[in-house]
Amino acid sequence: MESLGSIIAYFIIAIAIIVFSVLAVTSGKILRAATYLLFVLFATAGIYFQLGYEFLGAVQIAVYAGGIMVLFVFSILLTHKPGANAPRLESHKRWLGLSAALLGAGVCLYSLFDYGSLMVSKMPENFSIDIHQIGRALLSTDKFGYLLPFEAISMLLLACIIGGVVVARKR
Amino acid sequence: MFGCGIYGFITRKNMIAILISLELMLNAVDINFAVFNRFLFPGQMEGMFFSLFAIGLAAAETALAIAIVINVYRAARNVDIRQLTKMKF
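Going line by line, the protein sequences match chains A and B.
With our numbering, the residue at position 108 of the first sequence is 108, and numbering never jumps.
With our numbering, the residue at position 81 of the second sequence is 1081, and numbering never jumps.
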């Protein structure tokens, strides 16, 4: 974890996330914004891989980059003329957004540095969670089991599928 | 990244751009869950499961929101929120 190469890789990923997320909210063309969002999602998966959460990174790529981006691109192509630019926004709106963004970032940084002293100093080496552990924790009913949220989210996904079909069907 | 999401959420005038900003915010929160789990309690998996469930929720929410956007587009031929005042009052 603390080797020089992983630190350099972490900084590259962090800078890529910051740059592409700024580009995603400021780019004029909506399809370009979706592409920048895709890059941000891939970089997020890279951070998960670097932390040792391989399963989480794989889920991130499969769900976000595979599913959600396809939905975004389809809906953009269905609802927009290609090549249309977003109009310039008025300045008081921009200042309101900037101040809200800086406020949120300030709250995040304050809480981060306030609780930074709790951080453990000694990292276990070669940290990794294997898939058996994840599966056993997801479907167990013990103290640290996640069967109830698992079932709840499966019911929620079913409700979302039915709701999406009902909302988007032709009348 | 969370700040970028808030900025886009307030300034954008397009429903799909607002959804993109929402995804940015959700991703920032997921990263925070995973990183705090890794660096504060490396022996447990609660943050990772929270991120996992948050990703599932985000997928469901995006699918439903895009269905609503397409329906609104079919009704109003537009996704610009300045001109979607038909449902007010």
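Heads up, the beta-carbon is just placed ideally off N, CA and C, and yes, glycines get one too.
Taking 9 Å as the upper bound on Cβ-Cβ separation, chain B lies near residues V59, Q60, V63, Y64, G67, I68, L71, F72 of the region 59–73 of chain A. Inclusion of V63/A and A1067/B in the CB contact set at 9 Å is not warranted, their separation being larger than that value. Secondary structure at H92/A: helix, using DSSP grouped into helix, strand and coil. The beta carbon of E1046/B sits closer than 7 Å to the beta carbons of N1037 from its chain, once the five residues preceding and following it are set aside; these are given in chain order. G46/A and L1022/B have their C-alpha atoms roughly 20 Å apart. Taking a Cβ-Cβ threshold of 7 Å, the residues of chain B close to Y53/A are A1034, M1048, in chain order.
Annotated three-state conformation of M69/A is helix, per DSSP. About 18 Å separates the beta carbons of S99/A and L1024/B, which is beyond the 8 Å limit, so they are not a contact pair. Judged by DSSP secondary structure, H132/A falls within the alpha helix (DSSP H) whose first and last residues are 131–138.
Rounded to the nearest whole angstrom, the CA to CA distance from L41/A to A24/A is 11 Å. For R169/A, the three-state secondary structure derived from DSSP is coil.
What A1060/B touches in chain A, judged by beta-carbon distance under 7 Å, is L156, L157, C160, going in chain order. Scanning the region 18–76 of chain A for uninterrupted alpha helix (DSSP H) segments of 4 residues or longer gives 30–51, 54–60, listed from N- to C-terminal end.
Judged by DSSP in its simplified three-state form, M1048/B adopts helix. The C-beta separation of L56/A from A1075/B comes to about 39 Å, leaving the pair out of contact by the 8 Å criterion.
Residue state for S3/A is assigned as coil, using DSSP reduced to three classes. G164/A carries a helical assignment under DSSP once its states are collapsed to helix, strand and coil.
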